[in-house]
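Participant:
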Amino acid sequence: AKKAQLGTFKPKSGNNFLVLDLTLKNNDKNDDFEYTDASFAIFDKTVSPPHKLSPITGQVAGALENPFTSGMVPVKSEKTGQIVFPVKENSVSYKFTLYDAKGTEITSIDNISV
83 AKKAQLGTFK PKSGNNFLVL DLTLKNNDKN DDFEYTDASF AIFDKTVSPP
133 HKLSPITGQV AGALENPFTS GMVPVKSEKT GQIVFPVKEN SVSYKFTLYD
183 AKGTEITSID NISV
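In my numbering, the protein residues as written are 83 to 196.
#1: Quick one, which of Asp114, Phe122 and Val155 has its alpha-carbon nearest Ser190's?
#2: What three-state label does DSSP hand Thr90 in the structure shown?
#3: Using the C-alpha atoms, what's the distance from Pro156 back to Asp126?
#4: Between which residues of its own chain and Phe99 is the CB-CB distance below 6 angstroms, once the five residues before and five after are set aside?
#5: For Thr139, count neighbouring C-beta atoms within 10 Å of its own C-beta (all shown protein chains included) and say buried if the count is 16 or more, exposed if not.
#6: Thinking just about the alpha-carbon of each residue, which of Gly144, Lys158 and Asp119 is nearest to the one in Asn112?
#7: I need the straight-line Cα distance from Ala120 to Thr151, nearest angstrom please.
#8: Determine which residues share a DSSP beta bridge with Phe150 and list them.
#9: Give the range of the beta strand (DSSP E) segment to which Gly163 is assigned.
Written out as structure tokens, the structure reads:
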């Protein structure tokens, strides 16, 4: 969902907060999945080429019920939470990407419309 304010936090002029509710499931047989803000990105597909945006979840975590800031998803388990990105007010189409600790893309979800 796009929000004009999160708690006491307001985005820069011309921007909104894009809040994504996400469930991460770790299907790995051996390794826990460790994540930080750098594990997530969205690409604003309203512009060409799509513009990569990094999350600001750590900066606004106090306004979220269950922020994904940093932590771990143990083997064969899942965790649900929220990630926040600063986006342009007029952007409507995104691609979400998840990276491992080495920066390798693990998965992506295309055609997110808000």
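We put the CB at the ideal spot given by N, CA and C, even for glycine.
Facilitator: In short:
#1: Across the set Asp114, Phe122 and Val155, the C-alpha of Phe122 shows the shortest separation from the C-alpha of Ser190.
#2: Note: Thr90 maps to coil in three-state DSSP.
#3: Asp126 and Pro156 have their C-alpha atoms some 30 angstroms from each other.
#4: For Phe99, where only same-chain residues beyond five positions count, the Cβ hits under 6 angstroms are Lys85, Leu88, Pro93 and Val166.
#5: Under a 10 Å Cβ-count criterion, Thr139 is classified as buried, with 16 or more other Cβ atoms of the shown protein chains found around its own Cβ.
#6: For the residues Gly144, Lys158 and Asp119, the minimum Cα distance to Asn112 belongs to Lys158.
#7: Those two C-alpha atoms are separated by around 9 angstroms.
#8: Phe150 is not bridged to any residue.
#9: Looking at the DSSP string, the run of the beta strand (DSSP E) that includes Gly163 is Glu160 to Lys170.
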